[in-house]
Amino acid sequence: MSTLWHNLRLINQPDVDAIVSDGASIVWVGEQTAAPDCDQTVDLGNAWVTPGFIDCHTHVVFGGERAHEFDLRLQGKSYAEIAASGGGIASTMQATRQSDEQTLYKLARRRIEQLIADGVTTIEIKSGYGLDELSETKMLRVIRQLGEDLPVTILSTALLAHSLPPEYADDQAGYVHWVCQMLPKLHKEGLIDAVDAFCEHLAFSPEQVAQIFDCAGRLYLPVKLHAEQLSLQGGAQVAARFHALSADHLEYLDEAGVIAMAKAGTVAVLLPGAFYFLRETQYPPVNLLRRYQVPIAIASDCNPGTSPVLSLRLMMNMACTLFRLTPSEALAGVTTNAAKALGLQNTHGQIAPGFCADMIAWQVDDPAEICYWLGGQLPHQRIYQGELDASQGV
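FYI, the numbering for the sequence shown is 83 to 476, going by this note's numbering.
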């Protein structure tokens, strides 16, 4: 069914006041007076219309919570100290292993529904809290089921190289070998769209990441990387060498890493929620990223330990206030550039013919209000795959 969406405004396109979608795709954009005939029309009340938001880095499937670590961190304990004492990822791993699929599904669905209510239409979800075959497969099955059941596009990323499980406490090389054995199995089952790893002094080395990325490449799976979050490891350069879709966090990224990312077309995904929650003081080099024209995306990094965040708009605000992005850069960070960070740049993140008809109609006076207001929900209408989502209008 074709739909004429009219009485709307697009940023930087003053002559456009109408959009036509046919099924799940946008087929026409322009002035209403020139619009083709459609099966139905929808008046959007002079709203500012943006592409649906894309949360390109999340960990929303997990068991348990880590609120007690929040108190420890306020007492001065560092991320590394908490991890060394059995907390951190290891704590969530145990809770996730002990949770059945139904429990993981129920908990994750609640989190995703809150992101959806904030304007999100596409979400990437990582595994990485199981760290054994049974639990990683369980997580990835839950991710696929959520994608089938909810009005949101979900991409699944295998983050097996997230942390070292206790079974391999003295055999990091053996665990990397196991990861490389698991990837073909998970890929054959149709459970993964991409591969990720955590390159850090308390996780995996650049050499180990390269070994895993070699395995992913043989499966023609795109890669992405948690890089330079807590220290400079050279992870961004490894990501660039493998033409990664994105390198994420990047607080300790140096100019050599920025140059490598620029040449490779790798997106810089900034995660202000983790920066804020960990009370970090090392800022990602935003001016260097601008200078070398590296696309900047923003994501929630929703996870139980370092970014318990369920609002992508809040992350836009933090990216502006903490990292000094402009509102227009923040908007690009959750639309155009976030799509590129997921390899969806030809289908998502823009309002143009041929793109997915995922849109948000914001009832605001100025588009900057989208990332200006803190807390609550802004009045909006959510359009997913060409259909008005009546359950999500505010």
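Cβ atoms here follow ideal geometry from the backbone N, Cα and C, with glycine treated the same way. All figures in this text were calculated on a predicted structure; none of them were measured in a lab.
The Cβ atoms of L307 and D278 sit closer than 9 Å to each other.
With respect to the C-alpha of G210, the residue from R223, L404, I198 having the closest C-alpha is R223. Taken in chain order, the whole beta strand (DSSP E) runs of length 3 or more contained in the segment 222-279 are 235-243. Taken in chain order, the complete alpha helix (DSSP H) segments of 4 or more residues contained in the segment 127-196 are 149-156, 161-166, 171-180. Rounded to the nearest whole angstrom, the C-alpha separation of C262 and L327 is 20 Å.
Ranking S173, A338, D153, A190 by CA distance to the CA of L371 puts A338 first. With respect to D137, A321 sits apart: the two C-beta atoms are not nearer than 9 Å. Look at D121 here: in three-state DSSP terms it is coil, with no helix or strand label. Within the same chain, L332, E333, L335, L352, F405 come within 7 Å of P366 by CB-CB distance, once the 5 residues on both sides are set aside. Within the segment 308-375, the complete alpha helix (DSSP H) segments of 4 residues or longer fall at 317-323, 337-346, 354-359, 368-373, listed in chain order. By the CB criterion at 9 Å, V368 and L407 fall inside the cutoff.
Collapsing the DSSP output to three states places T418 in a helix. Residue pairing by DSSP places K306 opposite S328 in a beta bridge.
Straight-line spacing of the CA atoms in S245 and T123 works out to 51 Å. Rounded to whole angstroms, the Cβ separation of G158 and I164 is 11 Å, and the two are not in contact under 8 Å. Counted as a single uninterrupted DSSP element, the stretch harbouring Y211 is not any alpha helix (DSSP H), since DSSP gives it neither H nor E.
In the DSSP annotation of this structure, D383 is not part of any beta strand (DSSP E), being labelled neither H nor E. The continuous beta strand (DSSP E) containing R464 extends over residues 462-466. Between E310 and R323, the alpha-carbon positions lie close to 15 Å from each other.
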